[in-house]
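What follows is a set of notes on a single structure, which appears directly below.
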Amino acid sequence: MFSKILMAILGVCCTAAMGLPAMAHAESAHSVPALDSKQQSIVAIAAFTAKGDTERLKEALAEGLQNGMTVNEIKEVLIQMYAYTGFPRSLTGLNTFIALLDERNAQGIHDEVGRDAAPLPDTANIRELGTANQTAVIGRPASGRIYEFAPVIDTFLKEHLFGDIFSRDILNFQERELATVSALASLPAEPQLRSHLNCCLVVGWSEEQMKAFVSVLETKVGKAEAELAEKALAHVLKNRNQSK
Numbered sequence: 003m004f005s006k007i008l009m010a011i012l013g014v015c016c017t018a019a020m021g022l023p024a025m026a027h028a029e030s031a032h033s034v035p036a037l038d039s040k041q042q043s044i045v046a047i048a049a050f051t052a053k054g055d056t057e058r059l060k061e062a063l064a065e066g067l068q069n070g071m072t073v074n075e076i077k078e079v080l081i082q083m084y085a086y087t088g089f090p091r092s093l094t095g096l097n098t099f100i101a102l103l104d105e106r107n108a109q110g111i112h113d114e115v116g117r118d119a120a121p122l123p124d125t126a127n128i129r130e131l132g133t134a135n136q137t138a139v140i141g142r143p144a145s146g147r148i149y150e151f152a153p154v155i156d157t158f159l160k161e162h163l164f165g166d167i168f169s170r171d172i173l174n175f176q177e178r179e180l181a182t183v184s185a186l187a188s189l190p191a192e193p194q195l196r197s198h199l200n201c202c203l204v205v206g207w208s209e210e211q212m213k214a215f216v217s218v219l220e221t222k223v224g225k226a227e228a229e230l231a232e233k234a235l236a237h238v239l240k241n242r243n244q245s246k
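Quick note on this note's numbering: the sequence shown kicks off at 3 and runs consecutively.
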């Protein structure tokens, strides 16, 4: 009889103990920011590269390193920016980063370089690979009058942007799209911003995370950029809800 009572008590205790981690996880989930420190750094780095604000970019780059980004991850954000903000902004960003790394090295700070992009197979067809990447990011095959009006832009997008750049696995699609919308909100380029906010949702960012992105923009970059992103996101979410 005593053993049965003891087993019952132990069963209740075990059940309660098993529930505690789940409850703790549920409570802690609300305290975890929707964008972690590394993701927030991507927002700031891309935004200030787009704006050409080298002073604030330098601060964002230093913060990115402090937040655990490798040299190659930051470098990849700056490289990708040329496709959306032009070579001048990208090159200025890279030179700003070089100067920062030189300063840190002189101070005895040795930052983690990180891995390089994995090489593509020799048999890879860049057109096919880029088309597949583009379709995955957009959520459907790309189409529109602009591709009929300027077919070469379709080639550049598929083969270079989504083929050469997006196939570099230092950053994943979510990180690349986060960098893209940060830059587009800062240029500004509202039509493309709406398009890429939709891409963010396609590649796995949640509505809550995109709202958090707007908050990060306001905190780290500026109110005007955040207001534009908020307006564009509201437009995207409305259209997505209507299409369901």
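Glycine residues also receive a C-beta, built at the ideal position from the N, C-alpha and C atoms.
For this session: Could you name the residues of the same chain whose beta carbon sits closer than 7 Å to that of E210, not counting the 5 residues immediately before and after it, in chain order?
Result: By 1-based counting over the sequence shown, the position of residue 210 is 208. Around E210: A36.
Exercise. Between which two residues does the alpha helix (DSSP H) harbouring L131 extend?
Worked result: Numbered from 1 along the sequence shown, position 129 holds the residue referred to as residue 131. Residues 128-140.
Exercise. Counting along the chain, where does the alpha helix (DSSP H) carrying G95 start and finish?
Worked result: Position 93 of the sequence shown, counted from the first residue, corresponds to residue 95. Note, G95: alpha helix (DSSP H), 89-108.
For this session: Could you check the C-alpha separation between M71 and R178 for me, to the nearest Å?
Result: For the purposes of this step, residue 71 is taken as residue 69 along the sequence shown, with counting starting at 1. For the purposes of this step, residue 178 is taken as residue 176 along the sequence shown, with counting starting at 1. Going from the Cα of M71 to the Cα of R178 covers about 14 Å.
Exercise. What is the DSSP secondary structure of T157, counted as helix, strand or coil?
Worked result: Taking the sequence shown and counting its residues from 1, the one referred to as residue 157 is at position 155. If DSSP states are grouped into helix, strand and coil, T157 belongs with the helices.
Exercise. What separation, rounded to the nearest whole angstrom, lies between the Cα atoms of V45 and F215?
Worked result: As a first step, residue 45 is located in the sequence shown; it is residue number 43 there, counting from the start. As a first step, residue 215 is located in the sequence shown; it is residue number 213 there, counting from the start. Approximately 8 Å between the Cα atoms of the pair.
Problem set entry | Cβ neighbours of S184 in the same chain (closer than 6 Å, five flanking residues each side left out) | Residue numbering aside, residue 184 sits at position 182 when the sequence shown is read from its first letter. These residues qualify, in order along the chain: V45, A48, A49.
Exercise. Taking C-beta to C-beta, are Q41 and L180 nearer than 9 Å?
Worked result: Start at 1 with the first residue of the sequence shown, and residue 41 comes out as number 39. Start at 1 with the first residue of the sequence shown, and residue 180 comes out as number 178. Yes.
Exercise. Roughly how far, in whole angstroms, is the beta-carbon of L159 from the beta-carbon of Q136, given that I think they are within contact range, below 8 Å?
Worked result: The residue given as residue 159 occupies position 157 in the sequence shown. The residue given as residue 136 occupies position 134 in the sequence shown. Sure, about 7 Å apart at Cβ, within 8 Å.
Exercise. Per DSSP, what kind of secondary structure is I148 in: helix, strand or coil?
Worked result: The residue given as residue 148 occupies position 146 in the sequence shown. Looking at I148 - three-state DSSP - the assignment turns out to be helix.
For this session: Below 8 Å on the Cβ atoms is my guess for V154 versus V205; work out the distance and round it to an integer in Å.
Result: Numbered from its first residue, the sequence shown carries residue 154 at position 152. Numbered from its first residue, the sequence shown carries residue 205 at position 203. Rounded, the Cβ-Cβ distance is 26 Å, inconsistent with contact.
For this session: Kindly indicate which three-state DSSP category K246 falls into: helix, strand or coil?
Result: Locating residue 246 in the sequence shown gives position 244, where the first residue counts as 1. Residue state, collapsed to three classes: coil.
Exercise. How big is the Cα-Cα spacing for A19 and K246?
Worked result: Within the sequence shown, residue 19 is the residue found at index 17, counting from 1. Within the sequence shown, residue 246 is the residue found at index 244, counting from 1. Here the model assigns A19 a pLDDT of 39, short of 50, so the residue's position is not dependable, and the following value carries that caveat. Approximately 41 Å, taken between the alpha carbons.
Exercise. Can you tell me whether E130 is buried or exposed, with buried defined as 16 or more other CB within 10 angstroms of its CB?
Worked result: The residue labelled residue 130 in the question sits at position 128 within the sequence shown. Counting Cβ neighbours within 10 Å, E130 comes out exposed, since fewer than 16 surround it.
Exercise. Out of curiosity, what's the CA-to-CA distance linking V115 and F151?
Worked result: Within the sequence shown, numbered from 1, the residue matching residue 115 stands at position 113. Within the sequence shown, numbered from 1, the residue matching residue 151 stands at position 149. Rounded to the nearest angstrom, the two C-alpha atoms are 43 Å apart.
Problem set entry | Top-ranked residue by Cα proximity to G132, from D113, D156, R117, G146 | Mapped onto the sequence shown, residue 132 falls at position 130. For G132, the nearest C-alpha among the options comes from D156.
For this session: Name the residue from W207, K225, L186 whose alpha carbon lies nearest to the alpha carbon of Y84.
Result: Taking the sequence shown and counting its residues from 1, the one referred to as residue 84 is at position 82. Here the closest residue by C-alpha is L186.
Exercise. Does the beta-carbon distance from L235 to M212 come in below 9 Å?
Worked result: Translated into positions along the sequence shown, residue 235 becomes position 233. Translated into positions along the sequence shown, residue 212 becomes position 210. Yes; because the gap between Cβ atoms is below 9 Å, this pair is in contact.
For this session: Please go through the same chain and pick out, in chain order, the residues whose beta-carbon is closer than 7 Å to the beta-carbon of T94, but skip the five residues on each side of it.
Result: Taking the sequence shown and counting its residues from 1, one reaches residue 94 at position 92. G54, T56, listed in sequence order.
For this session: Return the CA-CA distance between L96 and L239, expressed in angstroms with no decimal places.
Result: On the sequence shown, position 94 is the one that residue 96 refers to. On the sequence shown, position 237 is the one that residue 239 refers to. Approximately 34 Å, taken between the alpha carbons.
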